[in-house]
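**Q** Supplied in structure tokens, the structure appears directly below.
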Amino acid sequence: MARYLVIVESPAKVKTIKKFLGSNYVVAASNGHVRDLPKSQLGVDVENDYEPKYITIRGKGEILANLRKEVKKADKVYLATDPDREGEAISWHLSKALKLEDKKVYRISFNEITKNAVKASLKTPRDIDMDLVDAQQARRVLDRVVGYRISPLLWAKVKRGLSAGRVQSVALRIIADREAEIDAFIPEEYWTLDAELNVKGERKPLNAKFYGTEKEKITIESKEQLDEILKELDGADYEVSEIKKGERTKKAPVPFTTSTLQQEASKALNFATSKTMRIAQQLYEGVDVKGSGTVGIITYLRTDSTRISEEADANVRSYIGEQYGSQYVAAEGLKKSGSQKIQDAHEAIRPTDVTRTPAMLKDSLSRDQFRLYQLIWKRFVASRMMPAVYETTSVKIAAGKYRFNVATSKIAFEGFRLIYTEAGEEKDEKGVLLKGLDENSELSLEQFDSKQHFTQPPAHYTEASLVKTLEELGIGRPSTYAPTITLIINRRYVAKENKNLYMTELGEVVNNIMMHSFPSIVDVSFTANMESLLDGVAEGKVRWKTIIENFYPDLDAAVKKAEEELEEIKIEDEVTDVICEECGRNMVIKYGPHGKFLACPGFPECRNTKPYLEKIGVKCPMCGKDVVIRKTKKGRRYYGCENNPECEFMSWQKPSEKKCPQCGNYMVEKGNKLLCSNEQCGYTESIKKEKEN
């Protein structure tokens, strides 16, 4: 009887796939990569056509030995690693490590771990796609030469244990640029004016918003301007000048890609990107479903395609018709031809069986697995449902030369919103208009409601918004988003607090070095162009070593120049006037994972350490003691009183000695301006003006 060996990456898949195949199939796992570049050296022969030097990963010897035994017994070997570039590369490395040249070797891949998909893949085996392998080799070698040439420079100039990376350095720069935008942002004052109007014959009042004049929209920029408008509105008659009724539709969302799943899981479930990927991997590889055994319940999780197979499309439309009615089934859309990216060969992320509802699986899944599966299931079903339809009404109200507007909408047909609404979106639109309102309605003013506002700076990046930006800029691929973000947080270049990402002092130091010495590596366009070149390799249009040949000489020259020119950052062993209370020595400034701290130079005999409180030369506006630079537990910088916790003063912006001439509050530095710390005041002045005084 013939014996066939199927090699997968993950032990979890072994259990799922075994039950789909006959007794003459043996399923074994490689536990991911089996070969890689060595950790102890560059591993790329820059003198010999940039040839990579692969070695067996430590700890994989026993796995390979067991696989070799199975290979000897097998008549055919099927390499069934993940259906992407990395999976293709793992299959190639396996074929080399197991010396499969003389064996009947076939590459199979499936987008979902179901009986039909696995059996269909065995009927359509193929050769290893060397274009995909070479695209992955190019990425690996690029990342290696960047990391191994620049990281030692950071060790010498800053501290050991730091790292630079091709994609992580760009991600760090994007966050740093946003922080700089926020720091330089000067709020601008504006006012809103609402008129509460009584409608004759109606019990409910009408709330109308100030628009401007008939010809132009007016932004109210100051209290003086508001008072002038109110003065002109005094005694004005209010009348309905126009009522427009209409309809708008909201399209159903497309099914999830890796990026959109990470974004929505972050917003709706508060999952970190790494957590989303970990749980999605479990759902893809297989979970133990009561009555069915181990089943893969979602399709492959690393994809930038929104395509759906014809079979899955037909199944979900049939399901919607049966469960919700034919009026909810979306019309057939136009089929898109061609794909921009190699990973468009995949489908979007969807349930492997739409009839397997979240409610049916609730007892078989952990809480987090259930919540993520429910999100994927709802989004997929919604993607094949009709748009939501809203009835809209817009009313223009004349008051002298000014105009007020009222705009409301109510849902007329729920469509896809019957089962799915995006995070942060209201399930039902509010504000249904008064039924009796028409152009002859008599209106009278009840009262005005005016409010002062200030424009807000750009929002800090969250994991979700950073993933969205990386994708929009063409940086990285679905498989790289989560590890990149995890790395910059774990390295403490970035602190994550309440979902927001903030630069740490360490992150600022690393980013400044990269910006100064390696501007091309942290250049967004350069990195995005590199991604498109890697896509060219995957499509067989570009030779992979050509990319390295064009890139490495410039990197080598930049590293050598940086080694000569870059001044060492003096952040270690700076002696202070703080005396160690345990041994009497003057304490020194050291640099740790959270930034600067004070340590006794008598280490290891004396192990005394304490926080380093750097004075900024400004007195605390609350108690008069010195303001010092402090850090949150995660490394984000702020300004606080040295007398903390007795004094609770804190500010995210650097405080100034100068008091606000309008309200007397302390002022803060922002870019080249001083701002009053009291937002309601809004006073600003140039820092140069202060220095001239």
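Numbering follows my numbering, in which position 290 of the sequence shown is assigned residue number 290; successive positions increment by one, without gaps. For every residue, glycine included, the Cβ atom is placed at its ideal position computed from N, Cα and C.
Nearest to Arg543 by alpha carbon, out of Lys119, Tyr50, Arg3?
**A** Among Lys119, Tyr50, Arg3, the Cα nearest to that of Arg543 is on Tyr50.
**Q** Please list, in chain order, all residues of the same chain as Lys53 whose beta carbon is under 6 Å from its beta carbon, the five residues on each side excluded.
**A** Answer for Lys53: Gly43, listed in chain order.
**Q** Check Arg403 in the structure and name its three-state DSSP category.
**A** Of the three classes helix, strand and coil, the one that applies to Arg403 here is strand, per DSSP.
**Q** Quick check on this structure: which residue in Arg417, Leu98, Leu445, Lys96 has the alpha carbon closest to the alpha carbon of Val389?
**A** Residue Arg417 is the option with its Cα nearest to Val389.
**Q** Verify whether the separation of the beta carbon atoms of Ala252 and Gly415 is less than 8 Å.
**A** Yes; because the gap between Cβ atoms is below 8 Å, this pair is in contact.
**Q** Quick check: Thr455 and Tyr683, are their CB atoms within less than 8 Å of each other?
**A** No, Cβ-Cβ distance for Thr455 and Tyr683 is not below 8 Å.
**Q** Does the beta-carbon of Glu285 have 16 or more other beta-carbons within 10 angstroms, so that it is buried, or is it exposed?
**A** Counting Cβ neighbours within 10 Å, Glu285 comes out buried, since at least 16 surround it.
**Q** Cβ atoms of Cys606 and Cys623: under 8 Å apart, would you say?
**A** Result no, Cβ atoms of Cys623 and Cys606 do not sit closer than 8 Å.
**Q** What's the call for Glu497, buried or exposed, on a 16-neighbour Cβ count within 10 Å?
**A** Classification of Glu497: exposed, given that the 10 Å Cβ count is below 16.
**Q** Please specify which runs of the beta strand (DSSP E), each continuous and at least 3 residues long, are wholly inside the segment 94-174, giving them in chain order.
**A** Entirely contained in the segment 94-174, the beta strand (DSSP E) runs reaching 3 residues are, in chain order, 104-107.
**Q** Roughly how many angstroms lie between the CA atoms of Ser656 and Gly671, to the nearest whole one?
**A** Cα to Cα, Ser656 sits roughly 13 Å from Gly671.
**Q** On the DSSP letters alone, give me the boundaries of the beta strand (DSSP E) that His33 sits inside.
**A** From DSSP, His33 is part of no beta strand (DSSP E); its letter is neither H nor E.
**Q** On a Cα-Cα basis, can you pick out the residue from Tyr238, Arg144, Lys204 that is closest to Phe210?
**A** Minimum Cα distance to Phe210 is reached at Tyr238.
**Q** Whether or not the segment 359-369 and the segment 309-319 are in contact is what I'm after, with contact meaning three or more pairs of Cβ atoms, one per stretch, closer than 8 Å; do they touch?
**A** Touching, no.
**Q** DSSP three-state call for Pro351: helix, strand or coil?
**A** In this structure, Pro351 counts as strand in the three-state DSSP scheme.
**Q** Quick one, which of Val167, Pro152, Ser677 has its alpha-carbon nearest Arg160's?
**A** Of the candidates Val167, Pro152, Ser677, the one whose C-alpha sits nearest the C-alpha of Arg160 is Pro152.
**Q** In chain order, what residues of the same chain lie with their CB nearer than 7 Å to the CB of Asp288, ignoring the 5 residues before and after it?
**A** Cβ neighbours of Asp288 beyond the five flanking positions: Thr294, Ser364.
**Q** Excluding five sequence neighbours on each side, which residues of the same chain lie with their C-beta closer than 7 Å to the C-beta of Lys545?
**A** Closer than 7 Å at the Cβ level, and outside the excluded window around Lys545, lie Asp49, Tyr50.
**Q** Taking Cβ to Cβ, would you say Ile298 is nearer than 8 Å to Pro351?
**A** Taking 8 Å as the Cβ cut-off, Ile298 and Pro351 qualify as a contacting pair.
**Q** How far does the beta strand (DSSP E) with His453 in it extend, from its first residue to its last?
**A** Taken as a continuous stretch (DSSP letters only), the beta strand (DSSP E) holding His453 covers 443-454.
**Q** Measuring straight from C-alpha to C-alpha, what distance separates Arg85 and Glu311?
**A** When rounded, the distance between both Cα atoms is 25 Å.
**Q** Is the distance from the Cβ of Arg149 to the Cβ of Leu555 below 8 Å?
**A** Cβ atoms of Arg149 and Leu555: closer than 8 Å.
**Q** Return the CA-CA distance between Val71 and Arg278, expressed in angstroms with no decimal places.
**A** Going from the Cα of Val71 to the Cα of Arg278 covers about 31 Å.
**Q** Taking C-beta to C-beta, are Thr462 and Asn500 nearer than 8 Å?
**A** Closer than 8 Å, so yes.
**Q** My parser needs the alpha helix (DSSP H) runs of 4 or more residues fully inside the segment 522-549; what are they?
**A** Listed in chain order, the complete alpha helix (DSSP H) runs (minimum 4 residues) inside the segment 522-549 are 524-538.
**Q** Please name the residue in Val46, Ser40, Lys13 whose C-alpha comes closest to that of Glu549.
**A** Checking every option, the nearest Cα to that of Glu549 belongs to Val46.
**Q** By DSSP, does Glu471 sit in helix, in strand, or in coil?
**A** In this structure, Glu471 counts as helix in the three-state DSSP scheme.
**Q** Could you say which of Ile229, Met503, Asn24, Val627 lies nearest to Tyr4 if we only look at CA atoms?
**A** With distances taken between Cα atoms, Tyr4 lies closest to Asn24.
**Q** Please report the residue range of the alpha helix (DSSP H) in which Pro11 lies.
**A** Run containing Pro11: 11-18, per the alpha helix (DSSP H) assignment.
**Q** Reducing DSSP to helix, strand and coil, say where Met1 ends up.
**A** Reduced to three states, the DSSP call for Met1 is coil.
**Q** Comparing C-alpha positions only, which one of Ala29, Phe404, Gly32, Ile57 sits nearest to Ser40?
**A** When only C-alpha atoms are compared, the closest one is Ile57.
**Q** Could you have a look at Asp288 and say whether DSSP puts it in helix, strand or coil?
**A** Reduced to three states, the DSSP call for Asp288 is strand.
**Q** Would you decide whether Lys335 is buried or exposed? Buried here means 16 or more other CB atoms lie within 10 Å of its CB.
**A** Low confidence applies to Lys335: its pLDDT is 46, below 50, so where it sits in the model is not reliable, and the reading given next is rough at best. By the 10 Å Cβ count, Lys335 comes out exposed.
**Q** Decide if Gln447 is buried, meaning its Cβ has at least 16 other Cβ atoms within 10 Å, or exposed.
**A** Gln447 comes out exposed.
**Q** Using only the alpha-carbon positions, how far apart do Cys647 and Gln452 sit?
**A** Approximately 31 Å between the Cα atoms of the pair.
**Q** If I measure Cβ to Cβ from Asp626 and keep anything under 6 Å in the same chain, skipping five residues before and after, which residues do I get?
**A** The residues are Lys615, Glu642.
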